[in-house]
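Protein chains in written order, with this note's numbering: chain A, 61 to 228; chain B, 61 to 228. Where is the CB? At the ideal position from N, CA and C, for every residue including glycine. Computed from a predicted structure; not experimentally measured.
2 protein chains.
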Amino acid sequence: MSESRSGISGENLLFLTDEQLRQGIEAMFFAYRGFTADPDRILAGMAYGRAHHRAIHFINRAPGTTVNNLLSILGVTKQSLNRVLRTLIADGLVESRVGQSDKRERHLYLTDDGRALEQKLSDAQRARMRAAFRDAGPEAVAGFRTVLEAMMDAEMQRTYTRLKETGS
Amino acid sequence: MSESRSGISGENLLFLTDEQLRQGIEAMFFAYRGFTADPDRILAGMAYGRAHHRAIHFINRAPGTTVNNLLSILGVTKQSLNRVLRTLIADGLVESRVGQSDKRERHLYLTDDGRALEQKLSDAQRARMRAAFRDAGPEAVAGFRTVLEAMMDAEMQRTYTRLKETGS
DNA sequence: TTGGAATGTCAACAAGGCTGACGTAAACTG
DNA sequence: CAGTTTACGTCAGCCTTGTTGACATTCCAA
Numbered sequence: 061m062s063e064s065r066s067g068i069s070g071e072n073l074l075f076l077t078d079e080q081l082r083q084g085i086e087a088m089f090f091a092y093r094g095f096t097a098d099p100d101r102i103l104a105g106m107a108y109g110r111a112h113h114r115a116i117h118f119i120n121r122a123p124g125t126t127v128n129n130l131l132s133i134l135g136v137t138k139q140s141l142n143r144v145l146r147t148l149i150a151d152g153l154v155e156s157r158v159g160q161s162d163k164r165e166r167h168l169y170l171t172d173d174g175r176a177l178e179q180k181l182s183d184a185q186r187a188r189m190r191a192a193f194r195d196a197g198p199e200a201v202a203g204f205r206t207v208l209e210a211m212m213d214a215e216m217q218r219t220y221t222r223l224k225e226t227g228s
Numbered sequence: 061m062s063e064s065r066s067g068i069s070g071e072n073l074l075f076l077t078d079e080q081l082r083q084g085i086e087a088m089f090f091a092y093r094g095f096t097a098d099p100d101r102i103l104a105g106m107a108y109g110r111a112h113h114r115a116i117h118f119i120n121r122a123p124g125t126t127v128n129n130l131l132s133i134l135g136v137t138k139q140s141l142n143r144v145l146r147t148l149i150a151d152g153l154v155e156s157r158v159g160q161s162d163k164r165e166r167h168l169y170l171t172d173d174g175r176a177l178e179q180k181l182s183d184a185q186r187a188r189m190r191a192a193f194r195d196a197g198p199e200a201v202a203g204f205r206t207v208l209e210a211m212m213d214a215e216m217q218r219t220y221t222r223l224k225e226t227g228s
């Protein structure tokens, strides 16, 4: 099950060696640390953490999203999300509007302050991503995205694609 | 600073637009969830969490590593790591041997039980990685690794490379 | 022999997950 | 219209995993 399987079939499968997979695993681990490092540093000063960043990111990405929708994107419980949203709303970074057609729903929007923080955080995160993309080149970037997409749960893959199409 | 910069230079820089970067960011977010999902599920049953998995992984990867070395790989405080190590040692998954040349140091090894758990966890994680690699193909995998490496902090890049060379 | 390094441990705390229970208002449904 | 379901909020309590600060021990090295 965890045997090396080099060069047994027609194509070259050396990239599927356990050693290669392990390197991929470690690359994910170390890279994710870098990925979150810059926004984390900014947030450390304030009373916010990574969870706030995620909420702000996806509210900005899909303005007017409902709480339930955000919940399914973030993959946490409503209690967990609520704790974060409560502080963001209290601090005037997020606005929660009662739905028009369905008044049970709350639609979430960033305020001007919220957008300002979002900019600051994603500028920092994008700067690193941009440097990495530039260093690696367009073909490496395409491969990067292909592998990441294949690594997602099926449901998250759909969410990711939906967001991608909404974006541009 | 966060302006789109498409097609201004000689080469095609469309892959560096803010929209592309944002998609990269979201891909990392969703993929990392998938990346940790399988081991997390296994660990949920036991009294262990992701921190235990990480410790076990790197002790297996570099048997005999000192606590300090592990600390710098994992990037947490000694108190945090110690809490994890203590339970692993108490449960007989990790063995801590006093150093021979320097008796202040503790060298860490997996026991047979520890190796068994490591196998179980990394089998699960590798299965997903293998499927993703296979779907994406060798060139995408190469790109994936190039971008991830460029995304790491410089220090982690060195750690990653050192481990990589030790491995094979 | 003394200072500093490596390690371990105690205490306290915070972020951010989780479950369970409960309440309210709105919408849906028979 | 009555009853059920849905969306959301909230309280209480728990867990893991991170943090600081303080302090003890052991041992190497100047």
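Asked	Found
Considering Cα atoms alone, identify which of A:L130, A:R190, A:D98, A:I85 is closest to E40 of chain A.	The question about residue 40 of chain A has no answer here: the residues shown for chain A are numbered 61 through 228.
Whose CA, out of A:A97, A:D183, A:I149, lies closest to the CA of I119 of chain A?	A:I149
Report yes if the C-beta of A97 of chain A is less than 8 angstroms from at least one heavy atom of the ligand SAM; otherwise report no.	The ligand SAM is absent from the structure shown, which contains no ligand whatsoever.
Under a three-way DSSP split, which group does H166 of chain B fall into?	It is worth fixing the name first, because residue 166 of chain B is Arg in this sequence and not His. Residue state, collapsed to three classes: strand.
Touch check for the stretch 204–214 of chain A and the stretch 213–228 of chain B: three-plus C-beta pairs under 8 angstroms?	no
Expressed to the nearest angstrom, what Euclidean distance is found between the alpha-carbon atoms of A91 of chain B and H112 of chain A?	19 angstroms
Leaving out the 5 sequence neighbours to the left and right, which residues in its chain are closer than 8 angstroms to R110 of chain A when beta-carbon positions are compared?	T96, P99, D100, L103
Would you report the Cα separation of L153 of chain B and L168 of chain B, rounded to the nearest angstrom?	10 angstroms
So with CB distances below 8 angstroms, who are the chain A contacts of N72 of chain B?	P198
For R121 of chain A, which residues in the same chain have their Cβ closer than 8 angstroms to its Cβ, ignoring the five residues on either side in sequence?	L223, T226, G227
Have a look at S66 of chain B and T77 of chain A and give me their C-alpha separation to the nearest angstrom.	A caution first: S66 of chain B carries a pLDDT of 43, below 50, which makes its placement in the model unreliable, though a value can still be read off. Each residue's alpha carbon lies about 38 angstroms from the other.
From the DSSP output, read off the bridge partner residues of R205 of chain B.	Paired residue(s): none; R205 of chain B is not in a bridge.
Which two residues bound the contiguous alpha helix (DSSP H) that contains V127 of chain A?	127–134
Would you mind working out which of A:L145, A:Q139, A:G135, A:A196 sits nearest F89 of chain B, comparing C-alpha positions?	A:G135
Is the stretch 179–188 of chain A touching the stretch 79–88 of chain B in the sense that three or more CB pairs, one from each, lie closer than 8 angstroms?	yes
Going along chain B, which residues have a C-beta under 7 angstroms from T206 of chain A?	A196, A200
Would you kindly work out how many angstroms separate the C-alpha atoms of A191 of chain B and E209 of chain B, rounded to a whole number?	21 angstroms
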